[in-house]
Amino acid sequence: MGPWLRGYGRLAEAGGAVPPPEDLTPRFHALLARVRQGLPVLPEEARRHQYVLVRGMLGDELPGYLLDNVQRLERRGLSVREAAVDTEGLLADNVAVLREVLRDAEYFGRSVVMVGHSKGGVECTATLALYPELRHVVRAVVTLQAPYGGSSIAHDLATTPRLRRLIDFAFPLLFHGVSRSVEELSYPQRQAFIQQHPYPADIPTVSLATSRLSRTSTLYPLQRYLHERYGYQADGMVTAVDAEVPGARVVRLHDMDHAEAALRGLPGLVRYHPGDLTEVMVALALEAR
101 MGPWLRGYGR
111 LAEAGGAVPP
121 PEDLTPRFHA
131 LLARVRQGLP
141 VLPEEARRHQ
151 YVLVRGMLGD
161 ELPGYLLDNV
171 QRLERRGLSV
181 REAAVDTEGL
191 LADNVAVLRE
201 VLRDAEYFGR
211 SVVMVGHSKG
221 GVECTATLAL
231 YPELRHVVRA
241 VVTLQAPYGG
251 SSIAHDLATT
261 PRLRRLIDFA
271 FPLLFHGVSR
281 SVEELSYPQR
291 QAFIQQHPYP
301 ADIPTVSLAT
311 SRLSRTSTLY
321 PLQRYLHERY
331 GYQADGMVTA
341 VDAEVPGARV
351 VRLHDMDHAE
361 AALRGLPGLV
371 RYHPGDLTEV
381 MVALALEAR
């Protein structure tokens with residue numbers, strides 16, 4: 101069963117209730133060129149918001165994860181807060197953390213831009229779907245490679261008996277995590293959540309959907325596996341179609357793997373810098389009202 105075929109987003113391709121997203125890829129490349137030339141791309145209003153960055157699965161275990169993303173925003177004079185989520189924890193627990201972050205911002209009269217990578221993007225959207233009373237606090241949301249429709253890798257890990265036994269053993273032992281956090285990203289569970297708690301359409305949101313199939317990528321074995329098993333373009337962890345949040349504007353890149361948005365790669369082997377990427381995606385998110 102392929103990506104989204106169980107889920108919500110395939111409605112867009114099938115001409116269902118979800119309208120096709122606005123493709124911001126050309127605009128992304130135009131702004132990226134400016135950033136690489138050292139030119140400003142962020143609007144004046146950018147300094148008025150707090151930027152809440154949310155890590156993805158295993159983000160606590162990876163040195164340098166989101167470091168360039170955070171430092172770039174700080175160098176632009178922006179207020180940045182990294183949410184204290186458990187990157188191997190359950191959705192409900194991390195949503196509770198993000199709810200308190202938004203309540204803090206509400207108390208101090210601040211507006212927030214949420215930036216979530218991978219599983220962190222799922223948690224950003226889930227928080228706003230579950231707590232609509234906090235939507236007014238959020239100026240915009242940026243999801244970077246988020247498995248909104250589900251993760252093929254997580255689905256196979258959770259539903260293949262041998263692999264499920266492995267994560268049931270390894271997650272608590274190696275990461276002090278909860279293996280059910282992987283199962284929550286499987287297609288049936290994501291479909292059930294989305295049907296019960298659809299993402300609100302009134303929040304300016306930009307989604308980054310990526311894919312790559314290159315031997316120079318550290319995730320090439322997983323990219324090839326997903327391509328051969330499911331027949332969809334993927335970045336090594338998430339298929340591109342699953343990363344598009346319904347109602348969001350979208351940036352589609354076909355030369356980026358799942359690590360490149362959050363970790364600095366080796367020169368010559370990657371095409372994007374996490375700081376450049378984050379700055380441009382935030383600029384795009386703030387262009388919408």
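My numbering applies: residue 101 is where the sequence shown begins, and numbers increase by one.
Ideal placement from N, C-alpha and C gives every residue a C-beta, glycine not left out.
Since the structure is predicted, the reported quantities are computational estimates derived from the model, not experimental observations.
Through-space distance from residue j to residue i, alpha-carbon basis
i	j	result
residue 140	residue 380	10 Å
residue 153	residue 217	8 Å
residue 67	residue 309	For the chain, the structure presents residues 101 to 389; residue 67 sits outside this window and is missing.
residue 330	residue 324	10 Å
residue 378	residue 188	23 Å
residue 382	residue 146	9 Å
residue 286	residue 134	38 Å
residue 273	residue 306	Because residue 273 carries a pLDDT of 46, less than 50, the predicted location of this residue cannot be relied on, and the following value inherits that uncertainty. In a straight line, the C-alpha of residue 273 is about 36 Å away from that of residue 306.
residue 391	residue 202	With the chain represented from 101 up to 389, any question about residue 391 goes unanswered, as that position is not in the structure.
residue 264	residue 137	47 Å
residue 252	residue 332	10 Å
residue 338	residue 247	6 Å
residue 241	residue 262	37 Å
residue 312	residue 348	22 Å
residue 260	residue 352	30 Å
residue 171	residue 375	7 Å
residue 328	residue 316	18 Å
residue 156	residue 196	16 Å
residue 296	residue 227	13 Å
residue 119	residue 301	11 Å
residue 345	residue 368	31 Å
residue 181	residue 320	32 Å
residue 175	residue 239	21 Å
residue 334	residue 358	9 Å
residue 267	residue 284	13 Å
residue 387	residue 356	24 Å
residue 122	residue 343	14 Å
residue 173	residue 314	30 Å
residue 159	residue 254	16 Å
residue 322	residue 298	29 Å
residue 207	residue 233	13 Å
residue 326	residue 288	18 Å
residue 366	residue 235	39 Å
residue 389	residue 130	20 Å
Distance CB(residue i)-CB(residue j) smaller than 9 Å
i	j	result
residue 361	residue 245	yes
residue 373	residue 364	yes
residue 291	residue 212	no
residue 178	residue 142	yes
residue 215	residue 224	yes
residue 231	residue 199	yes
residue 350	residue 125	yes
residue 183	residue 220	yes
residue 303	residue 249	no
residue 257	residue 282	yes
Per DSSP, cross-strand counterpart(s) of residue i
i	result
residue 309	352
residue 339	334
residue 286	BP columns for residue 286 are empty, so no partner.
residue 182	153
Closer than 9 Å to chain D by CB, residue i
i	result
residue 287	In the displayed structure, chain D is absent; only one protein chain is listed.
- Query: Considering only residues of the segment 192 to 254, which uninterrupted beta strand (DSSP E) runs meet the minimum length of 3 residues and lie entirely inside it, listed in chain order?
  - Reply: 211 to 217, 238 to 244
- Task: Would you mind listing the beta strand (DSSP E) stretches within the segment 113 to 166 that are 3+ residues and don't spill past its ends, in chain order?
- Result: 149 to 154
- Is it true that the segment 157 to 167 meets the segment 190 to 210, where meeting means three or more beta-carbon pairs spaced less than 8 Å apart? no
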